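Asker:
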Amino acid sequence: MKKFFVVIGIFSMVFLSGCGLKPANNKYAVNLEMWGTFDNSSAYSDIFTEYEKVNSNVPSVNYQKHTIESYKDDLLNALAAGNGPDIFMIQSSWLPDFQDKIVPMPEYIVTEAEFRNNFVDVVENDMIIDGLIYGVPLSVDSLGLYYNKDIFNAAGITQPPKTWEEFDDIVKKLTDIDEFGNFAQSAAAMGTAFNINRSADILTVLMLQNGVEMSRENDGAVTFGEPVQGISGMPSEKALEYYTSFASAASPLYTWNKRQKFSIDEFFQGETAMTINYSYHYDTIKAKNAKLNFAVAELPQTSRDMAGGQVNYANYWVLVVAKNKVPVQSSESMQVTNDMRIHEAWQLLKALTFPTSDGVTIANAISGEALVYMTEFDLTEKYLENTGKPAARVDLVEKQLSDVRLGAFAQGNLIARSWRRHNPEAIEAIFADMIDNVNTGNMSVHDAISLGAHRAQNLQPRYENL
Numbered sequence: 352m353k354k355f356f357v358v359i360g361i362f363s364m365v366f367l368s369g370c371g372l373k374p375a376n377n378k379y380a381v382n383l384e385m386w387g388t389f390d391n392s393s394a395y396s397d398i399f400t401e402y403e404k405v406n407s408n409v410p411s412v413n414y415q416k417h418t419i420e421s422y423k424d425d426l427l428n429a430l431a432a433g434n435g436p437d438i439f440m441i442q443s444s445w446l447p448d449f450q451d452k453i454v455p456m457p458e459y460i461v462t463e464a465e466f467r468n469n470f471v472d473v474v475e476n477d478m479i480i481d482g483l484i485y486g487v488p489l490s491v492d493s494l495g496l497y498y499n500k501d502i503f504n505a506a507g508i509t510q511p512p513k514t515w516e517e518f519d520d521i522v523k524k525l526t527d528i529d530e531f532g533n534f535a536q537s538a539a540a541m542g543t544a545f546n547i548n549r550s551a552d553i554l555t556v557l558m559l560q561n562g563v564e565m566s567r568e569n570d571g572a573v574t575f576g577e578p579v580q581g582i583s584g585m586p587s588e589k590a591l592e593y594y595t596s597f598a599s600a601a602s603p604l605y606t607w608n609k610r611q612k613f614s615i616d617e618f619f620q621g622e623t624a625m626t627i628n629y630s631y632h633y634d635t636i637k638a639k640n641a642k643l644n645f646a647v648a649e650l651p652q653t654s655r656d657m658a659g660g661q662v663n664y665a666n667y668w669v670l671v672v673a674k675n676k677v678p679v680q681s682s683e684s685m686q687v688t689n690d691m692r693i694h695e696a697w698q699l700l701k702a703l704t705f706p707t708s709d710g711v712t713i714a715n716a717i718s719g720e721a722l723v724y725m726t727e728f729d730l731t732e733k734y735l736e737n738t739g740k741p742a743a744r745v746d747l748v749e750k751q752l753s754d755v756r757l758g759a760f761a762q763g764n765l766i767a768r769s770w771r772r773h774n775p776e777a778i779e780a781i782f783a784d785m786i787d788n789v790n791t792g793n794m795s796v797h798d799a800i801s802l803g804a805h806r807a808q809n810l811q812p813r814y815e816n817l
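Written as structure tokens, this is what we have:
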């Protein structure tokens, strides 16, 4: 591996607190362990091999895959016992629940300005709290409109809808109800909660597009049930009313109900023309029906004069560093401190998620001496190549915009938003209940939103910062 140039004295020697002299031997070795879910070890094997070539202080990076069903509990239990991983992936919405268990990135590794310039906007909004950077993504996903090209072609529809008004027109044109009141063909998987994958996210993005402020940044208060200054009426109620209209037999947009099969199944079987989902279900659909003639378009948007503007919704994972763990070091290595482990973990994450065309900076945690090495490939690009995921880095998003499979999601990432909240799984269930309460007639739209916002607020601790 080619050594590019040497930089001395840039990195503060902060790891030898309480010691006035540097040891003569600055060599050490710490093995890093990373946990994740969904990704197989093959996603990282060549990446970690390349990194180990340029950083002799990290002779081994080991990745462990955990099942999603138990992953969060596995993490919390391992961290509580002090034997968790050095680095682990969390869903971006989990940050408030893990913030006290992780350590932010040192500014000498990446500045806030560098971070903001590297990733799509949603990442900086989610991951920077009080000027501290808590996590870095390899990928960001957003919602796209999957549509059946054969159904569109048969109806003479040449383009997917760009606005919800166009979406409504297509729904009316494609919905086919038989003499018994059943759907011979559904136009879209929209309107219900429990048989539509990611229904809560679809409702959330409709709220965001209508200008809803989901929560207040300064104190974490849930605000989606409140009026929005400058917008008439209650935009969250308008979003819920619109979403559930697709499952109301009295609505001209009626195209779905609770008797339909699961949305992904309906779509891959060719029984519904459109469904909204993330990029990771592209391969799911292909695997279930390789002959299905479908494509993905950008998520429809509201009219340009709406307060929310062009908005998508982000769903992504970030890599974070555990605050406390006994370092795993080589038997021949000098004593490695927790601060040294943290330094090496964040050095790895910078190399994984930032461009490496100008080399990877490797700084010694003891001496502060930094060497810059050239890698054989960009580590982030290799990860995206290995996994087929949409990019989080803005330079790589630009490259993906023209990709047939990922282009719609890449564009969505540029306008994606999220919102910070505790206990996101429970919040998702609350959104499903809001939808279902309207579907069943148990509540009016107003009451469903009011109750949902109250329940969501009760889940949020009254911290100064979430």
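Each residue of the sequence shown is one higher than the last, beginning at 352 in the working numbering. For each residue, glycine too, the CB sits at the ideal point set by N, CA and C. Every value quoted in this text rests on a predicted model; they were computed, and no experiment measured them.
#1: Within 8 angstroms, do at least three Cβ pairs link the segment 600 to 609 to the segment 572 to 590?
#2: With a threshold of 16 other CB atoms inside 10 Å of the CB of ILE419, please say whether the residue is buried or exposed.
#3: What are the boundary residues of the alpha helix (DSSP H) that PHE645 is part of?
#4: Is the separation between the beta-carbon of THR514 and that of GLN652 shorter than 7 angstroms?
#5: Within the same chain, show all residues whose beta-carbon is closer than 7 angstroms to that of TYR631, passing over the 5 residues directly before and after it, in chain order.
#6: On a Cα-Cα basis, can you pick out the residue from MET785, ASN406 and THR543 that is closest to TYR379?
#7: Helix, strand or coil for PRO374, going by three-state DSSP, please let me know.
#8: How many angstroms separate the CA atom of PRO374 from the CA atom of VAL409?
#9: Which value, in whole angstroms, describes the spacing of the CA atoms of ALA551 and VAL647?
#10: Could you pull the DSSP bridge partners for PHE470 from this structure?
#11: For ILE502, collect the residues of the same chain with a Cβ closer than 6 angstroms to its Cβ; drop the 5 residues on either side in sequence, then sort them by chain order.
#12: Considering only residues of the segment 568 to 637, which uninterrupted alpha helix (DSSP H) runs meet the minimum length of 4 residues and lie entirely inside it, listed in chain order?
#13: Please identify the residue among ALA716, LEU699 and ILE717 whose C-alpha is closest to the C-alpha of GLY710.
#14: Is GLN450 buried or exposed, if buried means 16 or more other CB atoms sit within 10 Å of its CB?
#15: Which residues in the same chain as SER363 place their Cβ atom closer than 8 angstroms to its Cβ, once the five residues preceding and following it in sequence are excluded?
#16: In the structure shown, what three-state DSSP assignment does VAL556 receive?
#17: Would you call the CB atoms of PHE818 and LYS642 closer than 7 angstroms?
#18: Mapping the DSSP letters down to three states, classify SER769 as helix, strand or coil.
#19: Between the C-alpha atoms of ASN413 and ILE528, what's the straight-line distance to the nearest angstrom?
#20: Take the Cβ of PRO455 as the centre, count every other Cβ of all protein chains shown within 10 Å, and call the residue buried at 16 or more, exposed below.
#21: Residues in the same chain with beta-carbon distance under 7 angstroms from THR635, minus the five sequence neighbours each way, listed in chain order, please.
#22: Go ahead and label PHE545 buried or exposed: buried means 16 or more other beta carbons lie within 10 angstroms of its beta carbon, across all protein chains shown.
#23: Just list the residues that DSSP pairs LEU494 with in beta bridges.
#24: I want to know whether the segment 391 to 407 touches the segment 418 to 435 - three or more CB-CB distances under 8 angstroms.
#25: Output needed for GLY435: all residues of its chain with C-beta closer than 8 angstroms, excluding positions within five of it in sequence on either side, in chain order.
#26: When you compare only the Cα positions, how much space is there between ALA759 and SER490?
#27: Roughly how many angstroms lie between the CA atoms of LEU372 and GLU564, to the nearest whole one?
#28: How about ALA506 and LYS524: are their beta carbons less than 7 angstroms apart?
#29: Using 8 angstroms as the cut-off, can you tell me whether the segment 729 to 745 makes contact with the segment 387 to 398, which would need three or more C-beta pairs spanning the two stretches below that distance?
#30: Could you tell me which of VAL789, ALA665 and ALA540 sits nearest to GLN442, measuring between CA atoms?
#31: For PRO812, does the count of other Cβ atoms within 10 angstroms reach 16, so buried, or fall short, so exposed?
#32: How is the alpha helix (DSSP H) around GLY710 delimited, first residue to last?
#33: Please classify ASP520 as buried or exposed, where buried requires at least 16 other C-beta atoms within 10 Å of its C-beta.
#34: Report the rounded CA-to-CA distance for GLY495 versus GLU695, giving the unit in angstroms.
#35: For LEU554 versus TYR594, is the C-beta distance shorter than 7 angstroms?
#36: Mind reading off the beta-carbon distance from LEU730 to LEU703? Whole number of angstroms is fine, and I expect it under 8 angstroms.
Answerer: To lay it out plainly:
#1: no
#2: exposed
#3: Note, PHE645: premise wrong, no alpha helix (DSSP H); beta strand (DSSP E) at 645 to 649.
#4: yes
#5: ASP492
#6: ASN406
#7: Residue placement at PRO374 cannot be trusted, given a pLDDT of 43 that sits under 50; what the coordinates show is reported in the next sentence. Reduced to three states, the DSSP call for PRO374 is coil.
#8: With a pLDDT of only 43 at PRO374, under the threshold of 50, the placement of this residue in the model should not be trusted; the figure read from the coordinates follows. Looking at the two C-alpha atoms, the distance is approximately 19 angstroms.
#9: 20 angstroms
#10: ARG744
#11: ALA624
#12: 586 to 596 and 614 to 619
#13: LEU699
#14: buried
#15: The predicted position of SER363 is uncertain, since its pLDDT is 44 and thus under 50; a value taken from the coordinates is nonetheless stated next. Here the set comprises TYR459 and GLY719.
#16: helix
#17: What is shown of the chain runs 352 to 817, which leaves residue 818 out entirely.
#18: coil
#19: 54 angstroms
#20: buried
#21: ILE615
#22: exposed
#23: For LEU494, which the question treats as bridged, DSSP gives no partner whatsoever.
#24: no
#25: TRP386, LEU426, ALA429, ALA673 and LYS676
#26: 14 angstroms
#27: Legend: pLDDT at LEU372 = 36, less than 50; position of this residue unreliable, value from coordinates given subsequently. Approximately 53 angstroms between the Cα atoms of the pair.
#28: yes
#29: yes
#30: ALA665
#31: exposed
#32: Run containing GLY710: none; DSSP gives neither H nor E here.
#33: exposed
#34: 37 angstroms
#35: yes
#36: 5 angstroms
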